[in-house]
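Residue numbers (this note's numbering), protein chains in the order written: chain A, 5 to 163; chain B, 5 to 163; chain C, 5 to 163.
Idealized CB from N, CA, C, for every residue including glycine.
Below: the structure, in structure tokens.
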Amino acid sequence: MDKQDKTTLIVFDGDLDKAIASFIIANGAAAMGKKVTMFFTFWGLNILRKDQVVPVKKGFLEKMFAWMMPRGPEKLGISKMNFGGLGAKMMKYIMKKKNVATLAELMQMAKELDVEMIACTMSMDVMGIKEEELIDGLKFAGVATYLGEADQANINLFI
Amino acid sequence: MDKQDKTTLIVFDGDLDKAIASFIIANGAAAMGKKVTMFFTFWGLNILRKDQVVPVKKGFLEKMFAWMMPRGPEKLGISKMNFGGLGAKMMKYIMKKKNVATLAELMQMAKELDVEMIACTMSMDVMGIKEEELIDGLKFAGVATYLGEADQANINLFI
Amino acid sequence: MDKQDKTTLIVFDGDLDKAIASFIIANGAAAMGKKVTMFFTFWGLNILRKDQVVPVKKGFLEKMFAWMMPRGPEKLGISKMNFGGLGAKMMKYIMKKKNVATLAELMQMAKELDVEMIACTMSMDVMGIKEEELIDGLKFAGVATYLGEADQANINLFI
């Protein structure tokens, strides 16, 4: 496979606006025929969380972390002017009115376009997030896997 | 054109410090003979706003968004220690004393170096920003145009 | 040297979580045999500061800046949920319990893996940071040096 045929994104920030930007780029690249790999790490993992509580065994700090962090696309804030969630609500309202796809829809599209989504196992360990708390269809791997993909890609972004 | 002859930057954050960094990289690359494309999206659009109010027709939420977001290089805050604008003032004061170019000057230089500046039309639509509210000399396009450029570049950054 | 043999990172943010991510990527790439260059600019310089006060001559604003910014890996906050340093403490506590390397250890590893660390001289000038306030083993250079390296690399990230 030619280098020009791959694109990788590291999704580090778990903000709604950056998540939307990530998936718009990923889906755009995939629609152009690229093999796209998204590597979700640190706060980016929150994008992949199921919105319901999944009963898993956790330590006290892991529970606290899990409780304080947003669970899935509907709960994310925006990176600026969030005002305790009001900014995110406003952005979602406007995007709906303008018929722009929601984050959940963009994620569904990414699946259909065979965008590869990798959850960073080291971050999951640190944040105490278990596989069953994340959405289906993910791959679980570490930084070496990401670097292997990025090495063969010509567009590599850290978002 | 050789791949090594192009550079692209996505300017997502509208903070003064990140805006300055973006233009320093863009101008540096252009001065080295690269074709540089800057793609301004989400909060990054604020860098391109004219500092005066331009009378355009807007809905209520669009007006609110426009009013809350900074209008142009002089109004931007910094990403850390901004303290309601004090940090940005301090940084600008120091940069002036040290004879570092201001953001407005860096933007002027970018124009003279033929750096291509693209305003993301989807973000403009969501944020309710009209073409006449942005500075002159821009190109208006979407993510596909950015991806086309990035595909031919060897330095691609998301800032 | 082949293009595929180089990796560059711009470390702009001085947050603990982003600093850890930067060094994990840098060390991973170096371990795979790449020549890695990290370019520390703006808040990223704080990662490189010695944790003790170094007596250097500074102006009033430079002193204020230096005093308000974190000095070295132990003092950095995290980019989200920091709660005045509590979040950073919690993250460090968890990482220790999970036997994940600390930032200081990751930086030591980077040195042993011959990762090249460049402190941005323009940022140092603006922030009033002197060479003797930063850790040993750094190179001091500007954006042109970074661009020269990035031009020959195939993975270039802005963190």
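Cutting at 6 angstroms between CB atoms, please list the residues of its own chain near residue i, excluding the five before and the five after it.
{"i": "residue 17(B)", "result": "47"}
{"i": "residue 168(B)", "result": "Nothing about residue 168(B) can be reported from this structure: the residues present for chain B run from 5 to 163 only."}
{"i": "residue 122(C)", "result": "43, 143 and 145"}
{"i": "residue 157(A)", "result": "10, 11 and 12"}
{"i": "residue 150(A)", "result": "43"}
{"i": "residue 21(C)", "result": "82 and 83"}
{"i": "residue 114(C)", "result": "27, 30 and 31"}
{"i": "residue 40(B)", "result": "11, 30, 33, 34 and 119"}
{"i": "residue 125(C)", "result": "144 and 146"}
{"i": "residue 103(C)", "result": "none"}
Interface residues of chain B around residue i at Cβ under 7 angstroms?
{"i": "residue 2(A)", "result": "What the structure shows of chain A is the stretch from 5 to 163, and residue 2(A) is not part of that stretch, so it cannot be assessed."}
{"i": "residue 98(A)", "result": "65 and 130"}
List the residues that DSSP assigns as beta-bridge partners of residue i.
{"i": "residue 161(C)", "result": "13(C)"}
{"i": "residue 44(A)", "result": "15(A) and 123(A)"}
{"i": "residue 144(A)", "result": "123(A)"}
{"i": "residue 53(A)", "result": "138(A)"}
Where does residue i fall in DSSP's three states?
{"i": "residue 133(C)", "result": "coil"}
{"i": "residue 39(C)", "result": "strand"}
{"i": "residue 117(C)", "result": "coil"}
{"i": "residue 5(A)", "result": "Interpretation of residue 5(A) is limited by its pLDDT of 49, a score under 50 that renders its predicted location unreliable; no figure is taken from the coordinates."}
{"i": "residue 138(A)", "result": "strand"}
{"i": "residue 26(B)", "result": "helix"}
{"i": "residue 112(C)", "result": "helix"}
{"i": "residue 97(A)", "result": "helix"}
{"i": "residue 81(C)", "result": "coil"}
{"i": "residue 73(A)", "result": "coil"}
{"i": "residue 149(A)", "result": "helix"}
{"i": "residue 103(C)", "result": "coil"}
{"i": "residue 61(A)", "result": "coil"}
{"i": "residue 31(A)", "result": "helix"}
Residues in the same chain with beta-carbon distance under 8 angstroms from residue i, minus the five sequence neighbours each way, listed in chain order, please.
{"i": "residue 132(A)", "result": "62, 63, 65, 66, 67, 69 and 70"}
{"i": "residue 108(B)", "result": "77 and 78"}
{"i": "residue 96(C)", "result": "20 and 106"}
{"i": "residue 80(A)", "result": "18, 19, 20, 23, 50, 51, 74, 92 and 107"}
I want to verify the contact list: residues of chain B whose CB lies under 8 angstroms from the CB of residue i, in sequence order.
{"i": "residue 45(C)", "result": "25"}
{"i": "residue 161(A)", "result": "14, 160, 161 and 162"}
Applying a beta-carbon distance threshold of less than 8 angstroms, which residues of chain A neighbour residue i?
{"i": "residue 72(B)", "result": "85"}
{"i": "residue 126(B)", "result": "28 and 104"}
Name the chain C residues whose beta carbon is nearer than 8 angstroms to that of residue i?
{"i": "residue 129(A)", "result": "102 and 104"}
Residues of chain A with CB closer than 7 angstroms to the CB of residue i, please, in chain order.
{"i": "residue 33(C)", "result": "151"}
{"i": "residue 154(B)", "result": "159"}
For a contact defined as C-beta to C-beta under 9 angstroms, what are the partners of residue i on chain A?
{"i": "residue 148(B)", "result": "32, 35 and 36"}
{"i": "residue 21(C)", "result": "16, 46 and 47"}
Leaving out five residues before and five after residue i in sequence, what residues of the same chain have Cβ atoms less than 7 angstroms from its Cβ?
{"i": "residue 38(A)", "result": "9, 10 and 11"}
{"i": "residue 139(A)", "result": "52 and 54"}
{"i": "residue 166(C)", "result": "Any property of residue 166(C) remains undetermined from this structure, which presents chain C solely from 5 to 163."}
{"i": "residue 205(C)", "result": "Past the edges of chain C, shown from 5 to 163, lies residue 205(C), and the structure says nothing about it."}
{"i": "residue 117(B)", "result": "31, 34 and 35"}
{"i": "residue 137(A)", "result": "53, 54, 58 and 60"}
{"i": "residue 128(C)", "result": "49"}
{"i": "residue 160(A)", "result": "12 and 154"}
{"i": "residue 134(B)", "result": "60"}
Does chain E have any CB closer than 8 angstroms to the CB of residue i?
{"i": "residue 10(C)", "result": "Among the protein chains of the structure shown, namely A, B and C, there is no chain E."}
Can residue i be considered in contact with the ligand SAM, in the sense that its beta carbon sits closer than 7 angstroms to one or more heavy atoms?
{"i": "residue 87(A)", "result": "The ligand SAM is not among the ligands present in this structure, which contains no ligands whatsoever."}
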